[in-house]
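Peer 1:
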Amino acid sequence: MTNDKLKIGDREFNSRLLIGTGKFGSHKIMRAAVDAAEAEIVTVALRRVDLRNPQDQILEHLDAKKILILPNTAGARDHIEAVRMARLAAAAGLPKWVKLEVTPEPRFLLPDPIETLKAAEILVKEGFKVLPYINADPILAKRLEEVGCVTVMPLGSPIGSNRGIKTLDNIRIIIDLVKIPVVVDAGLGKPSDAALAMEIGAAAVLINTAIATAGNPVEMARAFKLAVTAGRLAYLSRLPSEKFAAEASSPQSGIIHS
Amino acid sequence: MNFQTVGEPVRGLLEKAEFSLGDLPALVSPAAVEFLPQLVEIAKNKTLRQFGRTIKMYVPLYLSSFCENNCAYCNFNQQNSTARKRLTLDEARQEADLLYGFGFRHILLVAGEDRVLITLDYLSALIKKLKEKFSSVSIEVAPQSTQGYQQLAAAGLDGLTIYQETYDRQVYQSMHAKGRKNDFDYRLQTPERGGEANLREIGIGFLLGLADWRLEAISLAQHADFLIKRYWRSQLSISFPRIQKIEANFIPPYFVSDQDFIQLLVALRLVFPHVDLTLSTRESQNFRDQLIGIGITRMSAASSTVPGGYSNPQKFGGQFKVSDGRSADQVAAAISGTGYDPVFKDWESI
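So the sequence lines, in the order shown, correspond to chains P and X. Start counting the first sequence at 1; every next residue gets the next number (the numbering used here). Start counting the second sequence at 1001; every next residue gets the next number (the numbering used here).
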C-alpha cells in the first residue's frame, strides 16, 4: 500500500479521500475534519470564496502546502459561467485545477453533460487540469477523457442525498472503459458506500455532506478514511468473486475419498 | 375545505420519507398541530441534508419610500403622511458601501412603486455599479415587463423578489383598492416574467395576517410548484412575513401565532426540501434565533427599512418596524452560537 499513490495529472497523492468543504457549521470544524481524514485534495466552492480578499476565511483554514485546493464551479448554469469562474479563480492565484460542475437545476444539482463537455474542452485548452462532475454516463466519461480531462467524477446519487451508489452498474462500466482515475462523487452517505466504491476499483471518492452534517463530523471523517483504505486494500487484494452456492472455506477434496 | 377530515392522513405522514404537493393540506391542517414536534424533527433533518449547517445572509437597501399604491397594511401607502425619501444613485452607492463594510455581499434593492425614481435606467445603472463589489444583487420593486427584467439581467441582476401579498382575490382587491397594484393577475404573473428573463433567483411569498394562512399556504405551494417546473433553472425562495403593527395603524384581520408560523415553515420545508426559505427582521431576535436549523436558510440582518437609513439611522419613515435590531456581527455571532455558519458570500459575480 505504501507505494499505492493516486496519480492525477502530474501530481501524486497518498490519500484517496477527497473532501468537500460546504455545509460545515464552522471553518474550524471543517479544518478538523480535513485533518482527521488526512485528505490531500479539498474542494472549495468558488461561490463561497472571496477572491477579492486574500484573507478569505475558507482558504485561510487550509494549508495549501499540504493540500491541493481544488476550486469548484458549483452554481454555474452553463459552460460560459463555468469557464468564467475557473478563470477568475486562476487569476486570483488559486491552482490551475478545477472541479468542473455545471448544474443548471438548483434543486437536484445534476450535471449538464453537454455544457460540461463544452466547458472541459475550453478549460483543457487553456491549461487547466479539469476534473468534471458527471452523471454516471460511460460514453460521456470517454468523451471527457478524449478532450484531456485528468479524471472523471461520476455521481453515486444526487449531491447531498446520502443515498449511496445507485449508479453502480454504470460506474463499473466507466471504471472498465476509461484510463484516467475515476473518482466517485456525490451521494455517498456512509463509510460502507465509500468502501464499496473503492472495492470495485474507483481511484478515489469525494465526500462532503455525509461528513459535514454528521453528529460528529471529525470522527465521521476518520471513519471514511478507514473505509476508503479498507476498500482500496480489498480491491488491490483481488476480492474473490461472489458465488450463490456454498463453498467450503477449508476444501476437503483429497481428504474425503468417496 | 374541511380540515377536520385530514387527521388520519396526518398520522400517516410521519412515516413518509418524501413529501409531495398533495401532502401540504394535511401538513398545514389543525390536525397536524398534534404532530408538530415530530414534523419539526423531520424538517430539521431535511434542511440539514440539503443546506448543511449554513444560513445565507443578505441585507435590504431601501431606495425610495415614495409609492403610488394604497396597500392598506403598508407604511409607504401613498395616503399616509409619512416623511418620504428618494436616494440618488450616489446616495444609494454610499448606503451600499456601508453594507459592504458590514460584511454583506448579497444585497436586495427595495422601493415603493415610484415611477419617478425607479426606472429601468436608474436600476440598471445602480445594479451595474453594485456588481463591481457585491456577489449578487436582487430587486424587490414594482413588477416589470419581461423586457424590463431582461434589461436588468443584462446589467447584472441576479434575483427578483415579488410577494403576491395574498392569494385570495377578494382580499387582494380590498387591500389594494387603488393604484397599479390593484391588478391581481399582473402581479401573479410577475415571477414568470422574471423566469422568462432567466433570472438566477426568484422569490415569492405572501403576508401572514391578511387571510387564512392555511389556505394561502396551499395556493402558494401550487404557485411554487408551477414555477419550479417551468423555470427549472431558477432557484426559488419563499418568504412569509408576519405583518407587524405599523404607523398606518392597520390591524391584520387574521392573527398568526408563533406556532402557526412554525407549522407553515415546517410544511413548506417538507414539501419543498430544496427551496430557500427566507426570514426577515420583521420577526423578533428570540424567535429568529429559535428558527435556525428548523428550515430557514436565508436571513437578513441589520436592516433599515428607511431610504438612507444606514447613513442616518432613524426610527420613523420605514416600511415596517424592524423587530430584530441587532448588527450584522451580532446576528452572525448568534448563528455561530447555534453551531451554524453564517454565509455572507454564496455566489461569484461573473
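Idealized CB from N, CA, C, for every residue including glycine.
Would you identify the three-state DSSP class for Met1001(X), choosing helix, strand or coil?
Peer 2: As a working mapping, residue 1001(X) is identified with position 1 in the second sequence. Since pLDDT at Met1001(X) reaches only 48, below the 50 mark, its modelled position is unreliable, and the value read off the structure follows with that caveat. Correct three-state label for Met1001(X): coil.
Peer 1: Closest by CA to Lys99(P), which one among His79(P), Pro71(P), Leu88(P) and Ala89(P)?
Peer 2: By 1-based counting over the first sequence, the position of residue 99(P) is 99. Cα-wise, what sits closest to Lys99(P) is Pro71(P).
Peer 1: Closer than 8 Å, CB to CB, is Asp1346(X) near chain P or not?
Peer 2: Numbered from 1 along the second sequence, position 346 holds the residue referred to as residue 1346(X). Chain P contact via Cβ: present.
Peer 1: When you compare only the Cα positions, how much space is there between Gln1189(X) and Pro191(P)?
Peer 2: Translated into the one-based positions of the second sequence, residue 1189(X) becomes position 189. Translated into the one-based positions of the first sequence, residue 191(P) becomes position 191. Between Gln1189(X) and Pro191(P), the C-alpha separation is close to 47 Å.
Peer 1: Look at the alpha carbon of Tyr1340(X) and the alpha carbon of Leu94(P), and state the distance between them as a whole number of angstroms.
Peer 2: As a first step, residue 1340(X) is located in the second sequence; it is residue number 340 there, counting from the start. As a first step, residue 94(P) is located in the first sequence; it is residue number 94 there, counting from the start. Their Cα atoms are separated by approximately 27 Å.
Peer 1: Tell me, please, whether the CB atom of Tyr991(X) is closer than 8 Å to any CB atom in chain P?
Peer 2: What is shown of chain X runs 1001 to 1350, which leaves residue 991(X) out entirely.
Peer 1: Kindly list, in the order they appear in chain X, the residues whose Cβ is closer than 8 Å to that of Ala212(P).
Peer 2: Counting from 1 along the first sequence, the entry for residue 212(P) is found at position 212. Going along chain X in sequence order, the residues near Ala212(P) (Cβ under 8 Å) are Gly1052 and Arg1053.
Peer 1: Strictly below 8 Å CB to CB, what residues from chain X border Arg47(P)?
Peer 2: Taking the first residue of the first sequence as position 1, residue 47(P) is located at position 47. Going along chain X in sequence order, the residues near Arg47(P) (Cβ under 8 Å) are Ser1135, Lys1345, Asp1346, Trp1347 and Glu1348.
Peer 1: Just by C-beta distance, which residues in the region 1217 to 1245 of chain X are closer than 9 Å to chain P?
Peer 2: The residues in question are Ile1228, Trp1232, Arg1233, Ser1234, Gln1235 and Leu1236.
Peer 1: Helix or strand or just coil, what does DSSP make of Phe1104(X)?
Peer 2: Looking up residue 1104(X) in the second sequence gives position 104. Residue state, collapsed to three classes: coil.
Peer 1: Just checking: is the beta-carbon of Lys23(P) within a distance shorter than 8 Å of some beta-carbon in chain X?
Peer 2: For this step, residue 23(P) is matched to residue 23 along the first sequence. Chain X, which has a Cβ nearer than 8 Å to the Cβ of Lys23(P), makes this yes.
Peer 1: Take Gly1195(X) and list the residues in its own chain whose beta-carbon comes closer than 8 Å to its own, dropping the five residues that flank it on each side.
Peer 2: Taking the first residue of the second sequence as 1, we reach residue 1195(X) at position 195. Here the set comprises Ile1202, Leu1227, Arg1230, Tyr1231 and Ser1234.
Peer 1: Let me know the secondary structure DSSP gives Leu1310(X) once reduced to three states.
Peer 2: Looking up residue 1310(X) in the second sequence gives position 310. First, the residue type needs correcting, since residue 1310(X) is Tyr and not Leu in the sequence shown. It is coil, neither helix nor strand.
Peer 1: What residue range does the alpha helix (DSSP H) around Phe224(P) cover?
Peer 2: Within the first sequence, numbered from 1, the residue matching residue 224(P) stands at position 224. Residues Pro217 to Leu236.
Peer 1: Going along the chain, which residues of the region 26 to 43 of chain P sit with their C-beta nearer than 8 Å to a C-beta in chain X?
Peer 2: Under the 8 Å Cβ criterion, the region 26 to 43 of chain P contributes Ser26 and His27.
Peer 1: Are the C-beta of Arg1115(X) and some C-beta of chain P separated by less than 8 Å?
Peer 2: Start at 1 with the first residue of the second sequence, and residue 1115(X) comes out as number 115. It does not; no Cβ of chain P falls within 8 Å.
Peer 1: I'd like to confirm the pairing. Which residues does DSSP put opposite Ile8(P) in its beta bridges?
Peer 2: Taking the first sequence and counting its residues from 1, the one referred to as residue 8(P) is at position 8. In DSSP, Ile8(P) forms a bridge with Arg11(P).
Peer 1: By Cβ distance below 8 Å, which residues in the same chain neighbour Pro111(P) in space, the five residues on each side in sequence not counted?
Peer 2: For the purposes of this step, residue 111(P) is identified with residue 111 of the first sequence, where counting begins at 1. For Pro111(P), where only same-chain residues beyond five positions count, the Cβ hits under 8 Å are Glu101, Val102, Thr103, Pro132, Tyr133, Ile134, Asn135 and Leu155.
Peer 1: Return no unless some Cβ of chain P is closer than 8 Å to the Cβ of His1274(X).
Peer 2: Position 274 of the second sequence holds residue 1274(X). Output row for His1274(X): interface = yes.
Peer 1: Compare the C-beta of Pro95(P) against all C-beta atoms of chain X and say whether one is closer than 8 Å.
Peer 2: Translated into positions along the first sequence, residue 95(P) becomes position 95. Chain X contact via Cβ: absent.
Peer 1: For a contact meaning CB atoms closer than 7 Å, what does Leu59(P) contact in chain X?
Peer 2: Here residue 59(P) is taken as the residue at index 59 of the first sequence, counted from 1. Chain X residues near Leu59(P): none, gap ~12 Å exceeds 7 Å.
Peer 1: What is the C-beta distance between Leu1160(X) and Ser1138(X), in whole angstroms, given that I count them as a contact (C-beta under 8 Å)?
Peer 2: As a position in the second sequence, residue 1160(X) is number 160, starting the count at 1. As a position in the second sequence, residue 1138(X) is number 138, starting the count at 1. Between Ser1138(X) and Leu1160(X) the Cβ distance is about 7 Å, and since that is below 8 Å, they are a contact.
Peer 1: Can you tell me which of the three DSSP states Lys1016(X) falls into?
Peer 2: Indexing the second sequence from 1 puts residue 1016(X) at position 16. Coil.
Peer 1: At a Cβ cut of 9 Å, what residues of the region 1012 to 1030 of chain X count as close to chain P, listed as they run along the chain?
Peer 2: Residues passing the 9 Å Cβ filter: none.
Peer 1: Compare the C-alpha of Ile1251(X) against each of Lys1345(X), Phe1184(X) and Ala1211(X) and name the closest.
Peer 2: Position 251 of the second sequence, counting from 1, holds the residue named residue 1251(X). Ile1251(X) has its Cα closest to that of Ala1211(X), out of Lys1345(X), Phe1184(X) and Ala1211(X).
Peer 1: Can you list, in chain order, the stretches of the alpha helix (DSSP H) that have 4 or more residues and sit fully within the region 1063 to 1093 of chain X?
Peer 2: DSSP runs (the alpha helix (DSSP H)) wholly in the region 1063 to 1093 of chain X: none.
Peer 1: So is Ser1336(X) in contact with chain P if we call contact Cβ pairs under 8 Å?
Peer 2: Looking up residue 1336(X) in the second sequence gives position 336. It does; some Cβ of chain P falls within 8 Å.
Peer 1: Does Arg84(P) come within less than 8 Å of chain X when only Cβ atoms are used?
Peer 2: Looking up residue 84(P) in the first sequence gives position 84. Closer than 8 Å: yes.
Peer 1: For Ala197(P), which residues in the same chain have their Cβ closer than 8 Å to its Cβ, ignoring the five residues on either side in sequence?
Peer 2: In the first sequence, the residue the question calls residue 197(P) occupies position 197. So the qualifying residues of the chain are Gly156, Ile165, Ile171, Val184, Leu188, Val205 and Gly231.
Peer 1: Can you list, in chain order, the residues of its chain whose CB lies under 7 Å from that of Asn1002(X), leaving out five sequence neighbours each side?
Peer 2: Sequence index remark: in the second sequence, residue 1002(X) carries index 2 (1-based). Note that Asn1002(X) has pLDDT 48, beneath the 50 cutoff, so the model's placement of it is unreliable and the number below is only indicative. No residues qualify anywhere along the chain.
Peer 1: Give the range of the beta strand (DSSP E) segment to which Ala45(P) is assigned.
Peer 2: Position 45 of the first sequence, counting from 1, holds the residue named residue 45(P). First-last of the beta strand (DSSP E) with Ala45(P): Ile41 to Ala45.
Peer 1: Going along the region 86 to 117 of chain P in order, which residues come within less than 7 Å of chain X, judged by CB to CB distance?
Peer 2: Here the close residues are Leu88, Pro104, Glu105, Pro106 and Arg107.
Peer 1: Give me, in chain order, the residues of the same chain whose beta-carbon lies closer than 8 Å to that of Ser1284(X); leave out the 5 immediate sequence neighbours on both sides.
Peer 2: The sequence position of residue 1284(X) within the second sequence is 284, counting from 1. For Ser1284(X), where only same-chain residues beyond five positions count, the Cβ hits under 8 Å are Ser1323 and Asp1324.
Peer 1: Just the C-alpha distance for Val1331(X) and Gly1103(X), rounded to the nearest angstrom, thanks.
Peer 2: Stepping through the second sequence from its first residue, residue 1331(X) is reached at position 331. Stepping through the second sequence from its first residue, residue 1103(X) is reached at position 103. Cα to Cα, Val1331(X) sits roughly 12 Å from Gly1103(X).
Peer 1: Could you name the residues that DSSP lists as bridge partners for Asn72(P)?
Peer 2: Here residue 72(P) is taken as the residue at index 72 of the first sequence, counted from 1. Ala45(P) and Lys99(P), per the DSSP bridge assignment.
Peer 1: Can a CB atom of chain X be found closer than 8 Å to the CB of Arg163(P)?
Peer 2: Numbered from 1 along the first sequence, position 163 holds the residue referred to as residue 163(P). No - not a single Cβ of chain X is within 8 Å of the one on Arg163(P).
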